[in-house]
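Q: Chains A and B, in that order, give the protein sequences.
The numbering used here applies: residue 17 is where the first sequence begins, and numbers increase by one.
The numbering used here applies: residue 1402 is where the second sequence begins, and numbers increase by one.
Take a look at this one; I'll ask things after.
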Amino acid sequence: MLIKLERTGGFAGLRTAVTLDTDTLPAEEARKLHEMVDSAGFFNLPAKFPLPARGADYFVYRLTVEKDGRKHTVDVSDPAVPATLRPLLQSLVVYARK
Amino acid sequence: MYKNNLVKVSPSEGVRIARRTQINRATVQGIIPPHMLKELAQRGDQKQRERAFQALTLSERIRERREVLGPLATAVATPAGEKRRTVYDVKNECCDPHSPCLPGSLVREEGDPSKGDPSVDEAYDGAGATYDLYREIFERNSIDDRGMRIDSTVHFCQDYNNAFFNGTQMVYGDGDVDIFEPFTRAIDVIGHELTHGVTQYEANLLYAFQSGALNESMSDVFGSLVKQRKLNQTADEADWLIGEGLFTSKVNGKALRSMKEPGTAYDDPKLGRDPQPAHMRDVKRLPFWEDNGGVHINSGIPNRAFCITAMEIGGFAWERAGRIWYIALRDRLRRFSNFQDAANKTFLVAGELFGAGSEEQKAVRKGWTDAGINITVRAMEAIPAR
Ligand SMILES: [Zn+2]
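Put into structure tokens, the structure is as follows:
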């Protein structure tokens, strides 16, 4: 499974990006990522979420996952991130910082 | 020209323009013009204030505006001229609308002594300095100009490298210790966030592409003015940096943005280089999914236009350059305004405030021209009849 996250925006406007290939990760980490993608129902999420009606300086995410011949990209901004997707995003941000 | 404006814009914006530019054909109560009511609501004695406030809120036009603004307009108002701040602590809880935690537990209210938690006190003091700039310099009473209570939440989430305005209140993260210090550390960040609230109530610039970059720039402009006024610095003395002090010592950078020299704030192996353009020729054409179309990137261009204008005029930047920008934000810019509109409107406002052909107006022209945007209106155009 290939996962690519690009996080932009926020007050700082910094770009935080990471690309992971679960085949090259330790088995336990790969398993966790697969689990998070599944429990987010990632391939059933809409490609785009509605804009926040108000507010500013939220993080903006573009997340792409390729798995079993399927590829899907989701564009979403805080605070509209679905609760089921948040653990995956948080964990990817940690990878990006490494 | 104003008639045209009124035809083109939405009812709520029409109200705003009519109210602010004082060209109402019918006044709110038919006797006292709304600008006078507003004046009374702010400065009259208690009775006058109450009556004026009532008249304003009861008027058909204002009601229309309240409907549009929804819950915001019903946010707690306070008698005119009073500063009311509250600071909350979410104790590093992460949350979103699915599992709400905001605003958190109340830790400091207006008049309470320092709490010993630097984040709480910085949020409190920074909101105070921002309120004071708007009140004392621009005669604006809080975020909504009606004395709305200013709410801030600190210690949001864990290792959270951000601060934001959620439409109602300000929220600050603690930073991750590796790259960022707590976001309350820089007073211009607080001025920046609170100004997002002001913008929401006034021009309501759409947070995408050029209007979004303009929205961002307004926040940087007034955030920087809060800091400059706090430090009592003239335009020449100011560093024109945004977020100075937020990077930890591990980062090679002086700040997040430079209004004076966009693109030079940081250059770090881990973070990369400050991507801000300083000139229209380098504007970044980004898709919406990248920073809402580069709102934190392209803001470098109008930021620099303001900085040059202020340096040309000289003295304290909030006195003249700041006033021009504030009036433009309050009365002239609208939801879809772009850089060109901002250049033209600030130029016209400078003419109205200081005279056509004045030093101030020339400074505005130079600011935008140096940033790559030529003024496309004439100096005398569209001065409203008084
Ligand atoms: Zn902002």
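Even for Gly, the Cβ is constructed at its ideal location relative to N, Cα and C.
Suppose you measure from the CA of B:Gly1768 to the CA of B:Glu1713; what does that come to, to the nearest Å?
A: In the second sequence, residue 1768 of chain B corresponds to position 367, counting from 1. In the second sequence, residue 1713 of chain B corresponds to position 312, counting from 1. Cα-Cα distance, rounded: 8 Å.
Q: Counting only the same chain and skipping the five closest in sequence on each side, list residues whose C-beta sits under 6 Å from that of B:Arg1674.
A: Mapped onto the second sequence, residue 1674 of chain B falls at position 273. Cβ within range, chain order: Asp1668.
Q: Please report the residue range of the beta strand (DSSP E) in which A:Lys83 lies.
A: For the purposes of this step, residue 83 of chain A is taken as the residue at position 67 of the first sequence. Start and end: 75 to 83.
Q: From A:Gly17 to A:Thr100, what distance separates their C-alpha atoms?
A: Position 1 of the first sequence, counting from 1, holds the residue named residue 17 of chain A. Position 84 of the first sequence, counting from 1, holds the residue named residue 100 of chain A. Gly is not the amino acid found at residue 17 of chain A; the sequence shown has Met there. In a straight line, the C-alpha of A:Met17 is about 19 Å away from that of A:Thr100.
Q: Here's the rule: buried if 16 or more other CB atoms are within 10 angstroms of the residue's CB, otherwise exposed. What is B:Gly1695?
A: Walking along the second sequence from the start, residue 1695 of chain B turns up at place 294. By the 10 Å Cβ count, B:Gly1695 comes out buried.
Q: From the DSSP output, in three-state form, read off B:Asp1526 for me.
A: The count along the second sequence starts at 1 and reaches residue 1526 of chain B at position 125. Of the three classes helix, strand and coil, the one that applies to B:Asp1526 here is helix, per DSSP.
Q: Could you name the residues, in chain order, whose CB is less than 6 Å away from a heavy atom belonging to ligand 1?
A: My final list is A:Phe27, A:Ala72, A:Asp73, B:His1593, B:His1597, B:Glu1617, B:Ser1620.
Q: In chain B, what lies closer than 7 Å to A:Tyr111 by C-beta?
A: Stepping through the first sequence from its first residue, residue 111 of chain A is reached at position 95. Those within 7 Å of A:Tyr111 in chain B number zero; the least Cβ separation is about 14 Å.
Q: By the three-class DSSP mapping on this structure, what secondary structure does B:Tyr1621 have?
A: In the second sequence, counting from the first residue as 1, residue 1621 of chain B sits at position 220. Contrary to the premise, residue 1621 of chain B reads as Asp rather than Tyr in this sequence. Reduced to three states, the DSSP call for B:Asp1621 is helix.
Q: So, with DSSP's three-state summary, where would you put B:Pro1434?
A: Taking the first residue of the second sequence as 1, we reach residue 1434 of chain B at position 33. For B:Pro1434, the predicted structure reports a pLDDT of 45, less than 50, and the residue's modelled location is therefore unreliable. A value from the coordinates is still provided. Note: B:Pro1434 maps to coil in three-state DSSP.
Q: Have a look at B:Gly1494 and B:Asp1621 and give me their C-alpha separation to the nearest angstrom.
A: Sequence index remark: in the second sequence, residue 1494 of chain B carries index 93 (1-based). Sequence index remark: in the second sequence, residue 1621 of chain B carries index 220 (1-based). One point to set straight first is that residue 1494 of chain B is Glu, not Gly, in the sequence displayed. Each residue's alpha carbon lies about 28 Å from the other.
Q: Which whole runs of the beta strand (DSSP E) in the stretch 1540 to 1582 of chain B are 3 residues long or more, in chain order?
A: DSSP runs (the beta strand (DSSP E)) wholly in the stretch 1540 to 1582 of chain B: 1551 to 1557, 1564 to 1566, 1571 to 1574.
Q: Return helix, strand or coil for A:Phe65, following the three-state DSSP convention.
A: One-based indexing of the first sequence puts residue 65 of chain A at position 49. Coil, per DSSP.
Q: Leaving out five residues on either side along the sequence, give the residues of the same chain with a beta carbon under 6 Å from the beta carbon of B:Lys1628.
A: For this step, residue 1628 of chain B is matched to residue 227 along the second sequence. Contacts found: Ile1588, Asp1589.
Q: Please go through the same chain and pick out, in chain order, the residues whose beta-carbon is closer than 6 Å to the beta-carbon of A:Leu104, but skip the five residues on each side of it.
A: Looking up residue 104 of chain A in the first sequence gives position 88. Once the five neighbours on either side are set aside, the close Cβ partners of A:Leu104 are Met52, Ala56.
Q: Is it right to say A:Gly25 is buried, meaning 16 or more other beta carbons lie within 10 angstroms of its own, or is it exposed?
A: Along the first sequence, read from residue 1 onward, the residue named residue 25 of chain A stands at position 9. By the neighbour-count rule (16 or more Cβ atoms within 10 Å), A:Gly25 is buried.
Q: Along chain A, in chain order, which residues have C-beta atoms closer than 7 Å to that of B:Ser1500?
A: As a working note, residue 1500 of chain B is residue 99 in the second sequence. Within 7 Å Cβ-Cβ: Ala99.
Q: Give the residues from the stretch 23 to 45 of chain A that approach chain B closer than 9 Å (Cβ to any Cβ), ordered along the chain.
A: Listed by position, the residues of the stretch 23 to 45 of chain A near chain B (Cβ gap below 9 Å) are Thr24, Gly25, Gly26, Phe27, Ala28, Gly29, Leu30, Arg31, Thr32.
Q: So who's on the other strand from B:Tyr1602, going by DSSP bridges?
A: One-based indexing of the second sequence puts residue 1602 of chain B at position 201. Answer by DSSP bridge pairing: none, since B:Tyr1602 is not bridged.
Q: Report yes or no: do three or more beta-carbon pairs, one from the stretch 1549 to 1560 of chain B and one from the stretch 1498 to 1509 of chain B, lie closer than 8 Å?
A: Yes: at least three Cβ pairs fall under 8 Å.
Q: Quick one: which chain A residues come within Cβ less than 7 Å of B:Ala1564?
A: Here residue 1564 of chain B refers to the residue found at position 163 of the second sequence. Simply Phe27, Asp73.
Q: Rounded to a whole number of angstroms, what is the C-alpha to C-alpha distance between A:Arg78 and B:Glu1594?
A: Position 62 of the first sequence, counted from the start, is the residue given in the question as residue 78 of chain A. Position 193 of the second sequence, counted from the start, is the residue given in the question as residue 1594 of chain B. Spanning the two alpha carbons is a distance of roughly 24 Å.
Q: Output, in chain order, the set of chain A residues within a Cβ distance shorter than 8 Å of B:His1597.
A: Translated into positions along the second sequence, residue 1597 of chain B becomes position 196. Going along chain A in sequence order, the residues near B:His1597 (Cβ under 8 Å) are Gly71, Ala72, Asp73.
Q: On the CB-based measure, 16 or more other CB atoms within 10 Å of its CB, does B:Glu1510 come out buried or exposed?
A: Here residue 1510 of chain B refers to the residue found at position 109 when the second sequence is read from its first residue. So B:Glu1510 ends up on the exposed side.
Q: Do the stretch 1647 to 1657 of chain B and the stretch 1570 to 1580 of chain B meet, that is, are 3 or more Cβ pairs less than 8 Å apart?
A: Yes: the two stretches touch, three or more of their Cβ pairs being nearer than 8 Å.
Q: Taking the alpha carbon of B:Asp1560 as the point to measure from, which residue in B:Glu1537, B:Phe1584, B:Ser1500 has its own alpha carbon closest?
A: In the second sequence, counting from the first residue as 1, residue 1560 of chain B sits at position 159. Out of B:Glu1537, B:Phe1584, B:Ser1500, B:Phe1584 has the C-alpha closest to the C-alpha of B:Asp1560.
Q: Between which two residues does the beta strand (DSSP E) holding B:Leu1507 run?
A: The residue given as residue 1507 of chain B occupies position 106 in the second sequence. Here the beta strand (DSSP E) through B:Leu1507 covers 1506 to 1510.
Q: Report the neighbours of A:Val76 on chain E: residues whose CB is nearer than 7 Å to its CB, in chain order.
A: Structure shown: chain E not included; protein chains present are A and B.
Q: Hey, is the stretch 1711 to 1728 of chain B in contact with the stretch 1752 to 1766 of chain B, meaning 3+ C-beta pairs nearer than 8 Å?
A: Because the criterion of three Cβ pairs below 8 Å is met, the stretch 1711 to 1728 of chain B and the stretch 1752 to 1766 of chain B touch.
Q: Which residues in chain A sit within 7 Å of B:Gln1601, going by Cβ to Cβ distance?
A: For this step, residue 1601 of chain B is matched to residue 200 along the second sequence. By Cβ distance, chain A contributes Arg70.
Q: So which residues of chain B does A:Pro66 contact, with C-beta pairs closer than 9 Å?
A: The residue labelled residue 66 of chain A in the question sits at position 50 within the first sequence. Going along chain B, no residue has its Cβ under 9 Å from A:Pro66, so there is no contact; the nearest lies around 12 Å.
Q: Confirm, please, whether the CB-CB distance from B:Ala1744 to B:Ile1698 is below 8 Å.
A: For the purposes of this step, residue 1698 of chain B is taken as residue 297 along the second sequence, with counting starting at 1. For the purposes of this step, residue 1744 of chain B is taken as residue 343 along the second sequence, with counting starting at 1. No; because the gap between Cβ atoms is not below 8 Å, this pair is not in contact.
Q: Tell me, please, which residues DSSP counts as bridged to A:Leu21.
A: On the first sequence, residue 21 of chain A is found 5 positions in, with the first residue counted as 1. A:Val34, A:Leu79, per the DSSP bridge assignment.
Q: Does DSSP put B:Ile1698 in a helix, in a strand, or in coil?
A: As a first step, residue 1698 of chain B must be located in the second sequence, where it is residue number 297. Coil, per DSSP.
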